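Engineer:
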Amino acid sequence: MQRRALSTVIRGVALAVLGAGCGSVGSTSDGGTSDGGTSEGGTPGGPCRPPATFEDVRLPVAVDYIGARREAIDATTPQGDGGPLPDAGLVAQWKASQSEGAGTPCGTATDPAKCQAALAALRILPEPADPASCRQNQAGPPEGCLTSYIVFTRGDTVGKASTLAEAKALFGPIDTPGEAWLMSRFFGGGSPLCSTKYPNLVPRATATATGYDLSFPYANCFVEEEVSVKVATDGTVTPVARKSLPADPCAIGRRPEGLVAQPDAAGAPSVGRFFARAAELEGASVVSFRRLAGELARAGAPQRLVRRAKRAARDEVRHARVTARLARRHGVSPLRPRVEGVGARGLNAVARENAVEGCVRETYGAVVAHVQAARAEDPTIRAAMSAIAADETRHAELSWRLHRWSLRNLTGTQRDDVRRAMTEAVSALRAELRVAPEAELAKRAGVPSPALAASLMDELERTIWA
0 MQRRALSTVI RGVALAVLGA GCGSVGSTSD GGTSDGGTSE GGTPGGPCRP
50 PATFEDVRLP VAVDYIGARR EAIDATTPQG DGGPLPDAGL VAQWKASQSE
100 GAGTPCGTAT DPAKCQAALA ALRILPEPAD PASCRQNQAG PPEGCLTSYI
150 VFTRGDTVGK ASTLAEAKAL FGPIDTPGEA WLMSRFFGGG SPLCSTKYPN
200 LVPRATATAT GYDLSFPYAN CFVEEEVSVK VATDGTVTPV ARKSLPADPC
250 AIGRRPEGLV AQPDAAGAPS VGRFFARAAE LEGASVVSFR RLAGELARAG
300 APQRLVRRAK RAARDEVRHA RVTARLARRH GVSPLRPRVE GVGARGLNAV
350 ARENAVEGCV RETYGAVVAH VQAARAEDPT IRAAMSAIAA DETRHAELSW
400 RLHRWSLRNL TGTQRDDVRR AMTEAVSALR AELRVAPEAE LAKRAGVPSP
450 ALAASLMDEL ERTIWA
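Residue numbering for the sequence shown follows numbering that gives the first Met the number 0, starting at 0 and increasing by one per position.
1. In angstroms, rounded to a whole number, what distance separates the CA positions of Gly171 and Glu279?
2. Give the straight-line distance between the Cα atoms of Ser284 and Ile387, rounded to the nearest whole angstrom.
3. Roughly how many angstroms lie between the CA atoms of Phe151 and Asp416, to the nearest whole one?
4. Where does Glu99 sit, in a helix, a strand or coil, going by DSSP?
5. May I ask you to list the residues that DSSP assigns as paired with Arg69?
6. Over what stretch of residues does the beta strand (DSSP E) that includes Gly158 continue unbroken?
7. List the DSSP bridge partners of Tyr64.
8. Which one of Thr362, Pro301, His369 and Lys229 has the shortest CA to CA distance from Val16?
9. CA-CA distance, Val90 and Cys144?
10. For Asp233, which of helix, strand or coil comes out of DSSP?
11. Cutting at 7 Å between CB atoms, please list the residues of its own chain near Ser33, excluding the five before and the five after it.
12. On the DSSP bridge assignment, give the partners of Leu409 in chain order.
13. Under three-state DSSP, which class holds Asp174?
14. For a quick check, are the C-beta atoms of Ile149 and Lys159 less than 9 Å apart?
15. Among the candidates Leu346, Ile380, Arg351 and Leu5, whose CA atom is the shortest distance from the CA of Arg419?
16. Using the C-alpha atoms, what's the distance from Thr52 back to Ala74?
17. Looking at C-alpha atoms only, which residue of Leu451, Arg324 and Leu401 is the closest neighbour of Val305?
18. Assuming Val239 contacts Ser183 (C-beta within less than 8 Å), just tell me the rounded distance between them.
19. Can you check which of these residues, Ala298, Thr462 and Met456, is closest to Ala430 by C-alpha distance?
20. For the alpha helix (DSSP H) holding Arg307, just list the boundary residues, first then last.
21. Note down, in chain order, each residue of its chain lying with its Cβ closer than 6 Å to the Cβ of Lys94, except the 5 sequence neighbours on either side.
22. Answer with buried or exposed for Ile9, where buried requires no fewer than 16 other C-beta atoms within 10 angstroms of its C-beta.
23. Looking only at its chain, what residues have a beta carbon closer than 6 Å to the beta carbon of Gly35, apart from the 5 residues adjacent to it on each side?
24. Please report the distance separating the alpha-carbon of Leu467 from that of Arg68.
25. On the CB-based measure, 16 or more other CB atoms within 10 Å of its CB, does Gly445 come out buried or exposed?
26. Can you grab the Cα-Cα spacing for the pair Tyr211 / Glu99, in whole Å?
27. Should Asp314 be labelled buried (16 or more other beta-carbon atoms within 10 Å of its own) or exposed?
28. Here's a check: name, in chain order, each residue in its chain whose Cβ is nearer than 8 Å to the Cβ of Lys309, leaving out the five neighbours to either side.
29. Specify, as a first and last residue, the run of the beta strand (DSSP E) that Thr205 falls within.
30. Rounded to a whole number of angstroms, what is the C-alpha to C-alpha distance between Arg324 and Thr146?
31. DSSP has Val90 in a bridge; who is on the other side?
32. Alpha carbon to alpha carbon, how far is Ser132 from Arg360? Give it in angstroms, no decimals.
33. With DSSP as the reference, please indicate the residues paired to Arg122 in a beta bridge.
34. For Gly234, does the count of other Cβ atoms within 10 angstroms reach 16, so buried, or fall short, so exposed?
35. With a CB to CB cut of under 8 Å and the five nearest residues on each side skipped, what residues in its chain are close to Thr109?
36. How far does the alpha helix (DSSP H) with Asn347 in it extend, from its first residue to its last?
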């Protein structure tokens with residue numbers, strides 16, 4: 000890497016490529032795809048779903064309707080009228096909605112209006128003792144403020160299956176693929192999220208002597224996996240395996256070891272999905288930098304590196320809030336990041352992660368933030384990305400300072416391992432960037448097309464990664 004100020008080099012990479020006119024907004028003529036990375040049974044162009052779900056259930060007692068229901072609680076401050084009376088303080092706002100389902104809600108009810116009212120009022124989330132406990136900070140609703148479950152109507156009865164026992168009572172023996180998919184989705188096995196990168200990897204349900212074996216792709220911005228789950232006839236759900244596949248980076252940043260993949264808002268607006276994923280990753284970066292600060296202190300690193308890691312964690316808290324607001328502004332509520340704990344790590348492991356997540360992915364992310372600040376048509380997004388770009392550039396500088404310090408304190412074999420990991424990360428990132436963003440995302444948020452991303456990678460390899 001050249002010795003002149005890295006912040007100058009990073010801004011120069013973005014300006015050089017933009018000045019050359021590479022990758023027009025919304026361009027997909029370079030061979031990338033522009034359908035948003037989801038597929039119907041592995042076929043590009045639609046939402047990824049199992050072959051059948053609510054339409055493929057065989058219940059012991061028939062129902063008029065069966066579907067999915069979502070509840071959420073958010074802490075909000077009602078708008079006042081500006082008069083002499085004080086405005087209301089923070090309140091807990093509860094919302095519920097039905098999504099996909101089969102049948103007609105309250106179709107055979109003797110009093111359809113009363114049945115519909117009971118369905119609308121059905122609630123399992125308790126009122127929080129303190130509304131602030133459901134404030135969406137960093138990356139979405141806290142635990143206990145968001146849930147999904149199965150709901151049904153039968154005559155005048157409104158019922159639910161939010162527990163495994165209730166689901167077993169509703170379904171009886173699991174004897175259709177649709178029932179197996181629903182048990183996996185709501186009770187610990189997961190459900191498909193497909194990617195056009197792997198069009199032949201489609202959801203499959205195979206009947207066995209004891210139930211169903213499910214296999215399906217699971218793809219979001221952080222990870223793409225092939226998942227295997229067993230669903231027994233009695234409704235028991237057993238995850239079997241998760242095979243990692245090369246991921247499609249919708250949002251670039253420092254991913255901590257132990258980051259758990261979570262589903263995104265499939266079918267939601269692309270801009271909202273992008274910033275919801277970004278908020279989740281920014282929230283995970285808070286964990287990453289806090290962990291890094293502790294590891295550096297234990298390794299005897301200079302105090303200036305420890306202080307910069309702590310400052311970066313504070314920056315990421317702010318980024319998570321900003322991107323979460325952008326996500327909600329575009330119709331998507333982000334999820335809180337899930338990061339599992341890891342044991343004590345040596346300097347070699349810390350340096351390797353820093354090389355991949357900091358020197359490669361976060362450095363590229365800083366350049367992209369500058370690009371978005373210049374290209375996004377939405378002025379609110381431009382302003383947000385401008386502030387984020389300055390912070391992410393400083394984080395990239397920290398990564399490279401840490402890289403130089405760690406190499407001086409590793410053995411020759413360990414240094415070779417770190418350098419090899421960085422080289423492999425650059426190659427992997429280049430491959431991942433061949434998938435195009437949706438046209439609306441490229442236009443409104445300035446996310447680079449594959450052609451522009453390739454040009455940015457070329458310039459980074461010429462100037463920083465050389």
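Every residue, glycine too, gets a C-beta built ideally from N, C-alpha and C.
Please read these numbers as outputs of a predicted model, since none were measured by experiment.
Structural biologist: Reading off the structure:
1. The count along the sequence shown starts at 1 and reaches residue 171 at position 172. The count along the sequence shown starts at 1 and reaches residue 279 at position 280. Looking at the two C-alpha atoms, the distance is approximately 37 Å.
2. Start at 1 with the first residue of the sequence shown, and residue 284 comes out as number 285. Start at 1 with the first residue of the sequence shown, and residue 387 comes out as number 388. Cα-Cα distance, rounded: 13 Å.
3. For the purposes of this step, residue 151 is taken as residue 152 along the sequence shown, with counting starting at 1. For the purposes of this step, residue 416 is taken as residue 417 along the sequence shown, with counting starting at 1. Annotation: Phe151 to Asp416 spans about 56 Å, alpha carbon to alpha carbon.
4. Position 100 of the sequence shown, counted from the start, is the residue given in the question as residue 99. It is a strand residue.
5. Stepping through the sequence shown from its first residue, residue 69 is reached at position 70. Arg69 is bridged to Ser96 and Ser147.
6. The sequence position of residue 158 within the sequence shown is 159, counting from 1. Unbroken beta strand (DSSP E) run through Gly158: Thr156 to Ala160.
7. Residue numbering aside, residue 64 sits at position 65 when the sequence shown is read from its first letter. According to DSSP, Tyr64 bridges with Gly102 and Thr152.
8. Position 17 of the sequence shown, counted from the first residue, corresponds to residue 16. If we check each option's Cα against that of Val16, His369 comes out closest.
9. Within the sequence shown, the letter at position 91 stands for residue 90. Within the sequence shown, the letter at position 145 stands for residue 144. Distance between the alpha carbons of Val90 and Cys144: 13 Å.
10. Here the question's residue 233 lines up with position 234 in the sequence shown. The answer is coil: DSSP assigns Asp233 none of H, G, I, E or B.
11. Walking along the sequence shown from the start, residue 33 turns up at place 34. Bear in mind that a pLDDT of 32 at Ser33, under 50, signals an unreliable position, so the model cannot answer this.
12. The residue given as residue 409 occupies position 410 in the sequence shown. For Leu409, which the question treats as bridged, DSSP gives no partner whatsoever.
13. As a first step, residue 174 is located in the sequence shown; it is residue number 175 there, counting from the start. Asp174: coil per DSSP, three-state reduction.
14. Locating residue 149 in the sequence shown gives position 150, where the first residue counts as 1. Locating residue 159 in the sequence shown gives position 160, where the first residue counts as 1. Yes, these two residues count as a Cβ contact at 9 Å.
15. On the sequence shown, residue 419 is found 420 positions in, with the first residue counted as 1. The shortest C-alpha separation from Arg419 is found at Arg351.
16. What you label residue 74 is simply residue 75 of the sequence shown in a count that begins at 1. What you label residue 52 is simply residue 53 of the sequence shown in a count that begins at 1. For Ala74 and Thr52, the distance between alpha carbons rounds to 33 Å.
17. Translated into positions along the sequence shown, residue 305 becomes position 306. Comparing C-alpha distances from Val305 to each of Leu451, Arg324 and Leu401 shows the shortest one belongs to Leu401.
18. By 1-based counting over the sequence shown, the position of residue 239 is 240. By 1-based counting over the sequence shown, the position of residue 183 is 184. Contact doesn't hold; Cβ gap of about 11 Å is too wide.
19. Counting from 1 along the sequence shown, the entry for residue 430 is found at position 431. Looking at the Cα atoms, Met456 is the closest of the given residues.
20. Residue 307 sits at position 308 when you count from the first residue of the sequence shown. Per DSSP, the unbroken alpha helix (DSSP H) holding Arg307 starts and ends at Gln302 to Arg328.
21. Residue numbering aside, residue 94 sits at position 95 when the sequence shown is read from its first letter. Sequence-distant Cβ neighbours of Lys94 in its own chain, meaning closer than 6 Å and more than five residues away, are Ala71.
22. Stepping through the sequence shown from its first residue, residue 9 is reached at position 10. The residue in question, Ile9, is buried, as its Cβ has 16 or more Cβ neighbours within 10 Å.
23. Taking the first residue of the sequence shown as 1, we reach residue 35 at position 36. Residue confidence is low: Gly35 scores 32 on pLDDT, short of 50, so the model does not pin down where it sits. Its coordinate-derived value is still stated next. Once the five neighbours on either side are set aside, the close Cβ partners of Gly35 are Ser269 and Glu437.
24. What is shown of the chain runs 0 to 465, which leaves residue 467 out entirely.
25. Counting from 1 along the sequence shown, the entry for residue 445 is found at position 446. Gly445 is buried by the Cβ-count criterion.
26. For the purposes of this step, residue 211 is identified with residue 212 of the sequence shown, where counting begins at 1. For the purposes of this step, residue 99 is identified with residue 100 of the sequence shown, where counting begins at 1. Tyr211 and Glu99 have their C-alpha atoms some 23 Å from each other.
27. The sequence position of residue 314 within the sequence shown is 315, counting from 1. Classification of Asp314: buried, given that the 10 Å Cβ count is 16 or more.
28. For the purposes of this step, residue 309 is taken as residue 310 along the sequence shown, with counting starting at 1. For Lys309, where only same-chain residues beyond five positions count, the Cβ hits under 8 Å are Phe288, Arg289 and Ala292.
29. The residue you call residue 205 lines up with position 206 of the sequence shown. Its beta strand (DSSP E) spans residues Arg203 to Thr207.
30. Start at 1 with the first residue of the sequence shown, and residue 324 comes out as number 325. Start at 1 with the first residue of the sequence shown, and residue 146 comes out as number 147. Distance between the alpha carbons of Arg324 and Thr146: 21 Å.
31. Working through the sequence shown from its first residue, we reach residue 90 at position 91. Here Val90 is bridged, per DSSP, to Thr75.
32. On the sequence shown, position 361 is the one that residue 360 refers to. On the sequence shown, position 133 is the one that residue 132 refers to. The alpha-carbon atoms of Arg360 and Ser132 are separated by roughly 33 Å.
33. Looking up residue 122 in the sequence shown gives position 123. In DSSP, Arg122 forms no bridge with anything.
34. As a position in the sequence shown, residue 234 is number 235, starting the count at 1. Result: buried.
35. For the purposes of this step, residue 109 is taken as residue 110 along the sequence shown, with counting starting at 1. Excluding sequence neighbours, Thr109 sits near Gly154 and Asp155.
36. Within the sequence shown, the letter at position 348 stands for residue 347. It spans Leu346 to Glu352 - the alpha helix (DSSP H) in which Asn347 sits, taken as one unbroken run.
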